[in-house]
Amino acid sequence: MTTGSFPATRFRRTKRTDALRRLVRETSLSVDDLIWPIFIREGEDDETPVPSMPGVSRLTPDRAVKAAEMAAGLGIPAICLFPYIDTALKTELCEEAWNPDNLSNRVTRAIKAAVPDIAIMTDVALDPYNINGHDGIVRDGVILNDESVAALVKMTLAQADAGADIIGPSDMMDGRINAMRQALENAGHKDVCILSYAAKYASAFYGPFRDAVGASGLLTGDKKTYQMDPGNTDEALRLVERDLREGADMVMVKPGMPYLDICRRVSDAFGAPVAAYQVSGEYAMIKAAAENGWLDGEMAMFESLLAFKRAGCDAILTYFAVDVARALL
Ligand code: PBG
C-alpha cells in the first residue's frame, strides 16, 4: 500500500459527493446477508411484546407464517425460530424438545408449506424445555455433556423431519456436531445444513433473549461451564476448526459487536462461511438509546451491521432484519 504526500494525495477528493463515496466503498450490507430470528408462542392470531426488546413480539403460529411471508417478500433469505414454551411442558429431561409435534416443529411445517422458498433455521439447545433453564441436562447441579448430546441428536432429527433447512446448535456441548451429522446422514437428511454456534461466549448480552423465551426466572447459576470465557480468542479458533471437521457447514460467532476481533480471526483463518449473531442485548441497547433520543436508531443499526461485513462475516442474525430489508428497498 502506497500513499502519496499532500497535496498530491487529498483523501477528501473521494469523499466529496455521495456518488464518489459509493464508488470507493469497500464493504456494503445487503438483504442477502440477513437471518431474522423470531420468537413463537402457542395461540391464535395474537402476539406478546417482549418489553426488553422494543419492536419484538412472540408470535402465534399463524402470525409466524405471516411474518415468514413478509420476510420472504422483502428478500430475506432465512428465518430462525425460537419457541416460548409453557412452563407445564418443561422437565428435567426436556422430552418436549424432540416431540415431533412441539411448537417449533409445527411452525416449521406450517412455514414450509406456505413459504417454501425461505430457509428455516431451528435452534438446538435444551433451555426452552428445561426446568433448570440450562442448554444441557442437569444432574446434581452439573450440566451433563454426553447425556445432553444424546438429547440434542433426538431434537435435531425431529427438526430435520419437520423440514428445517439449517440446524443451529447453540448449546456448546462437546461432540455434538459429530453426533448430529452422523445421525442426519443415517436418517437420510444428507442435505440439511448445520450452522454451528462454534464460538459462543458466556455473555451478559443474552439477558433480553432469556426474557423472550421465558428462561430468565428458571436459570440456576450461569452457563460458564459450557459457553466461552470472554478472555479467550485462540480457543474460538480451535472450536471453529473442530466443528468444521465434525461436519458443520457454517460457523457462528456470538455475541457480535463485542467480538468483532473473533469474527475477523475466524474469517481469516478458515474458508468457511461465517455468521455473527447480533444478540438481544445489542439490539436492546440500540433501541433503548434511540427511544430516548440519544442516538439515531436507523443510522446506528446500519453502522452496527456494516461492522460485521467489515469484520469478514457472510451472514448476520439480527432482530433488525426486517427494518434493514425495508430500508434497503
Ligand atoms: C440458548 C440461546 C441463547 C441465545 C440463543 N440461543 C441464550 C443463552 O445462551 O443463554 C441468545 C440470543 C440472543 O441473546 O439474542 N440456547
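Note that my numbering has the sequence shown beginning at -14, numbered continuously upward. Every residue, glycine too, gets a C-beta built ideally from N, C-alpha and C.
Should the region 82 to 91 be called in touch with the region 159 to 176, which here means at least 3 C-beta pairs below 8 Å? no
Classify F393: buried if its beta carbon has 16 or more other beta carbons within 10 angstroms, exposed otherwise. This structure gives no information on residue 393, because the portion of the chain shown stretches from -14 to 314.
List, from N- to C-terminal side, the beta strand (DSSP E) runs of 3 residues or more that fit wholly inside the region 45 to 124. 63 to 68, 104 to 109 and 122 to 124
If we call anything under 9 Å between Cβ atoms a contact, is V327 one with A254? Lying before the first or after the last residue shown, residue 327 is absent from the chain, which here runs from -14 to 314.
How is the alpha helix (DSSP H) around Q212 delimited, first residue to last? No alpha helix (DSSP H) contains Q212, which DSSP labels as neither H nor E.
Return yes when the C-beta of F190 is under 8 Å from any heavy atom of ligand 1, and no when it is not. yes
Is the beta carbon of V264 within less than 8 Å of some heavy atom of ligand 2? As presented, the structure is devoid of ligand 2, carrying ligand 1 as its sole ligands.
For K294 and E288, the rounded distance between their alpha carbons: 10 Å
For G347 and A53, I'd like the C-alpha separation in whole angstroms. The requested residue 347 is not part of the displayed model; the chain covers only -14 to 314.
So what's E32 in DSSP terms, helix, strand or just coil? strand
Along the chain, where does the beta strand (DSSP E) that runs through P22 open and close? L19 to I25
Is A200 near ligand 1, in the sense that its beta carbon is under 8 Å from a heavy atom of that ligand? yes
Are there any heavy atoms of ligand 1 lying less than 8 Å away from the beta-carbon of Q212, as far as the coordinates show? yes
Is DSSP giving Y268 helix, strand or coil here? helix
Buried or exposed for M(-14), going by 16 or more other Cβ atoms inside 10 Å? exposed
With DSSP collapsed to three states, give me the class of Y182. strand
Residues bridged to E263 (per DSSP): Sequence inspection shows Gln at residue 263; the Glu mentioned does not correspond to that position. Bridge partners of Q263: T303.
Please classify T(-1) as buried or exposed, where buried requires at least 16 neighbouring CB atoms within 10 angstroms. exposed
Determine whether the beta carbon atoms of A95 and D47 lie at a separation below 9 Å. yes
Could you tell me which of A63, E77, D246 and I116 sits nearest to G216, measuring between CA atoms? D246
Between L180 and D234, which are expected to be in contact by the criterion C-beta below 8 Å, what is the C-beta distance as a whole number of angstroms? 7 Å
Classify D112: buried if its beta carbon has 16 or more other beta carbons within 10 angstroms, exposed otherwise. buried
I need the boundaries of the beta strand (DSSP E) containing M237, first residue and last residue. M235 to K239
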